[in-house]
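To keep things clear, I will list the structure first and then write my remarks on it.
Chains as they are written, first to last, in this note's numbering: chain R, 29 to 168; chain E, 11 to 392.
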């Protein structure tokens with residue numbers, strides 16, 4: 029069986045729009061941005077985006093479990109570096125979060141046979157530069 | 011003040027050779043394609059007075075200088091590539107009907123084989139750099155693979171049946187002078203094609219091309235006095251979905267719904283035709299899946315039935331509903347949308363030789379650019 033890899037490609041560190049997400053993953057947390065006034069998710073966040081003009085962007089803790097919406101096993105990577113193949117990607121809908129989907133990579137047992145509807149759990153992968161919020165399949 | 015006539019036509023098309031790793035500049039390629047389109051129309055370069063760079067680059071100043079033309083009107087459509095090239099005809103028409111320009115040149119060239127490829131612009135997007143690239147979610151094949159996976163799941167489609175799209179494209183390319191990829195492809199060859207990102211194989215992905223393309227738009231009245239039969243722009247629809255380009259590939263509530271469900275009805279309404287009146291189509295095929303989704307949204311097949319529609323050679327040479335009759339982006343060349351517009355014009359003018367359709371009166375052209383889309387109905391002058 030081919031070993032499933034995980035891309036190692038550090039996120040930019042100088043962008044306020046994305047920094048809170050990566051600060052949280054370093055602590056083992058998962059956060060998504062929402063309108064501070066009405067709670068509507070702002071994913072992906074856009075500069076100045078506001079359903080309420082006086083509101084701020086609030087990064088809220090979200091569940092560490094979810095369901096696979098779609099997936100692909102990448103055999104030919106296009107990243108400038110750090111993407112040895114194969115690796116398995118998925119769009120995950122997190123429990124209790126309606127709307128946003130998280131792009132993630134699937135690791136561990138079952139990654140190679142992932143299917144739409146599979147339950148997955150946060151299983152971070154630590155690199156020297158960042159902690160990638162990867163997920164693994166929850167055995168049923 | 012005179013009232014400008016209504017109705018516009020494409021009267022000239024031009025293109026360069028398409029290949030990987032061209033040693034020429036984009037400006038140089040576009041200049042050659044522009045001269046070819048203007049000559050095809052039977053115009054002199056100095057008669058061009060409107061310039062529309064279909065996408066961002068390059069600006070019109072140097073091109074106008076090189077052609078010896080004076081710019082009375084310059085504008086960019088502002089839509090993403092494949093939608094911009096098809097939608098540019100609307101900008102041209104607005105300028106012509108407003109009396110701001112007489113002969114409008116639409117042009118686009120790219121060097122897809124340059125370092126970083128067609129993916130590189132995505133790396134400049136904060137959301138993609140921040141929330142996608144670190145996972146390896148990068149490069150169009152990955153996004154469209156995830157779409158295809160969901161589509162096959164939702165509608166019970168066997169991914170192997172996408173072979174019909176790639177095989178038809180290659181068969182058309184074999185009949186098309188200038189096509190970049192003409193090596194024969196059958197279903198077995200498709201299934202042997204290397205997997206890029208499941209379920210998309212190499213044969214499901216468009217070519218990488220360096221080249222230039224251009225077309226000339228003028229009023230229908232003037233078109234009738236020029237040397238070639240006019241390709242009438244009977245209807246145009248442009249659409250932007252309520253998603254940013256960053257989010258469209260992963261966050262759209264219905265992941266496989268495109269802007270063509272908005273642009274196509276607009277184009278049909280203006281042209282006064284419906285899908286059953288269309289003889290053939292040129293549909294943006296950056297991947298086989300994107301062609302299928304638009305085929306459905308343009309009304310040629312029901313939702314989820316696009317792949318079944320294409321079986322048994324239906325869209326291939328000799329088939330009942332020809333699609334991408336030069337091989338499209340899968341096998342002819344990848345200059346987003348432009349290859350489709352140019353082929354539509356050549357078919358309705360009846361000049362396609364071995365690939366000429368017996369009936370080529372009404373063509374639907376569909377151009378996808380991420381969150382944007384444009385549909386154009388091109389007809390013979392009836």
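Heads up, the beta-carbon is just placed ideally off N, CA and C, and yes, glycines get one too.
Quick one: does the C-beta of residue i sit closer than 8 Å to a heavy atom of the ligand FAD?
i	result
residue 140 of chain R	Judged by which ligands are present, the structure shown has none, so any question about the ligand FAD falls away.
Less than 6 Å between C-beta atoms, sequence neighbours within five positions excluded: which residues of the same chain meet that for residue i?
i	result
residue 330 of chain E	324
residue 390 of chain E	358 and 371
residue 17 of chain E	230
residue 110 of chain R	35, 36 and 37
residue 11 of chain E	Confidence is the limiting factor: at residue 11 of chain E the pLDDT is only 37, short of 50, which leaves the residue's position unreliable, though a coordinate-based value still follows. Within the same chain, residue 11 of chain E has no close Cβ partners at all.
residue 364 of chain E	185
residue 291 of chain E	333 and 374
Taking 9 Å as the CB-CB cut-off, is residue i touching chain R?
i	result
residue 210 of chain E	yes
residue 120 of chain E	no
residue 192 of chain E	no
residue 344 of chain E	no
residue 182 of chain E	no
residue 151 of chain E	yes
residue 6 of chain E	The shown model of chain E, from 11 to 392, leaves out residue 6 of chain E, and the question about it has no answer.
residue 160 of chain E	yes
residue 267 of chain E	no
residue 63 of chain E	no
residue 163 of chain E	yes
residue 148 of chain E	yes
residue 381 of chain E	no
residue 18 of chain E	no
residue 218 of chain E	no
residue 11 of chain E	Low confidence applies to residue 11 of chain E: its pLDDT is 37, below 50, so where it sits in the model is not reliable enough to give any reading.
residue 88 of chain E	no
residue 213 of chain E	no
Just to confirm my understanding: we take residue i, look at its own chain, exclude 5 residues before and 5 after, and list those with CB closer than 8 Å. What are they?
i	result
residue 193 of chain E	180
residue 34 of chain R	115, 133, 135, 153, 160 and 162
residue 54 of chain R	158 and 159
residue 10 of chain E	Only positions 11 to 392 of chain E appear in the structure, and residue 10 of chain E is not among them; the question remains open.
residue 137 of chain R	164, 165 and 167
I want to see whether chain E comes within less than 9 Å of residue i, judged by CB atoms only; does it?
i	result
residue 45 of chain R	yes
residue 108 of chain R	yes
residue 32 of chain R	no
residue 102 of chain R	yes
residue 152 of chain R	no
residue 58 of chain R	no
residue 164 of chain R	no
residue 87 of chain R	no
residue 127 of chain R	yes
residue 131 of chain R	yes
residue 74 of chain R	yes
residue 64 of chain R	no
residue 35 of chain R	yes
residue 158 of chain R	yes
residue 122 of chain R	no
residue 80 of chain R	no
Let me check one thing: in DSSP terms, what residues is residue i bridge-paired to?
i	result
residue 117 of chain E	E:63 and E:224
residue 207 of chain E	R:102 and E:210
residue 241 of chain E	E:20 and E:390
residue 138 of chain E	Paired residues: none, contrary to the question.
residue 89 of chain R	R:59
residue 383 of chain E	E:249 and E:378
residue 109 of chain R	Answer is none; residue 109 of chain R lacks a bridge partner.
residue 164 of chain R	R:135 and R:149
residue 25 of chain E	E:223
residue 97 of chain R	Paired residue(s): none; residue 97 of chain R is not in a bridge.
residue 121 of chain R	R:95
residue 33 of chain R	R:115
By Cβ distance, which residues of its chain are closer than 7 Å to residue i, with the 5 residues on each side in sequence left out?
i	result
residue 142 of chain E	148
residue 300 of chain E	154, 294 and 378
residue 212 of chain E	203, 204 and 206
residue 165 of chain E	314
Please give the ranges of any alpha helix (DSSP H) in the stretch 41-85 of chain R, keeping only runs that are unbroken, at least 4 residues long and fully inside the region. Runs found: 47-54.
Could you tell me which uninterrupted beta strand (DSSP E) segments, each at least 3 residues in length, are contained entirely in the stretch 285-339 of chain E, listed from first to last along the chain? Complete beta strand (DSSP E) runs here, min 3: 290-293.
If we count Cβ pairs, one from each stretch, closer than 8 Å, do we get three or more for the stretch 248-265 of chain E versus the stretch 48-61 of chain E? With the cut-off at 8 Å, the stretch 248-265 of chain E and the stretch 48-61 of chain E do not touch.
For the stretch 340-348 of chain E and the stretch 84-103 of chain E, state whether three or more C-beta atom pairs, one from each stretch, are separated by less than 8 Å. Counting Cβ pairs under 8 Å, three or more are found: they touch.
Any chance the stretch 59-71 of chain R sits against the stretch 85-100 of chain R, with 3 or more Cβ pairs inside 8 Å? Yes, the stretch 59-71 of chain R is in contact with the stretch 85-100 of chain R.
Is the stretch 166-173 of chain E touching the stretch 91-106 of chain R, taking contact as three or more C-beta pairs under 8 Å? Here the stretch 166-173 of chain E makes no contact with the stretch 91-106 of chain R; the two share fewer than three CB pairs at distances below 8 Å.
Report yes or no: do three or more beta-carbon pairs, one from the stretch 277-289 of chain E and one from the stretch 239-252 of chain E, lie closer than 8 Å? Contact between the stretch 277-289 of chain E and the stretch 239-252 of chain E is present, because at least three Cβ pairs lie under 8 Å.
Any chance the stretch 120-130 of chain E sits against the stretch 31-45 of chain E, with 3 or more Cβ pairs inside 8 Å? Yes, the stretch 120-130 of chain E touches the stretch 31-45 of chain E.
With contact counted as at least three CB pairs below 8 Å, one residue from each stretch, are the stretch 58-76 of chain E and the stretch 106-119 of chain E in contact? The stretch 58-76 of chain E, when compared against the stretch 106-119 of chain E, does touch it at the 8 Å Cβ threshold.
Segments of 3+ residues assigned as beta strand (DSSP E) that fall wholly inside the stretch 154-208 of chain E: Fully enclosed beta strand (DSSP E) runs of 3 or longer: 205-207.
Cβ pair count under 8 Å reaching 3, the stretch 70-84 of chain E against the stretch 39-47 of chain E: Taking 8 Å as the limit for Cβ pairs, the verdict is that the stretch 39-47 of chain E does touch the stretch 70-84 of chain E.
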